[in-house]
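**Student:** I have a structure here, written as structure tokens, and I will follow up with some questions on it.
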Amino acid sequence: MSWLIIKYLVTAATEVAALELAKRSDILGAFIVALPLVTVIAMIWQYTEK
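In short: position in the sequence shown from 1, add 1451, done, that's the numbering used here.
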């Protein structure tokens, strides 16, 4: 159960960071969203869960 909570917290932190950067600078926010961070995080979650 704690693994699930950690997954949610890391994913939410990534999204919140992108949103906060977008508030300050549209270009930085777009850059963070355009990076495949969420895809990499999802691949790590799938690999660790097998």
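For glycine and all other residues, C-beta sits at the position ideal for the given N, C-alpha and C.
A quick note: this is a predicted structure, and the numbers were derived from the prediction, not measured.
Got a sec, what are the start and stop residues for the alpha helix (DSSP H) Lys1474 sits in?
**Tutor:** 1453-1475
**Student:** What number of angstroms, rounded off, separates the C-alpha of Val1467 from the C-alpha of Ile1492?
**Tutor:** Distance from the CA of Val1467 to the CA of Ile1492, rounded to the nearest whole angstrom, comes to 15 Å.
**Student:** Which of helix, strand or coil does DSSP assign to Leu1486?
**Tutor:** coil
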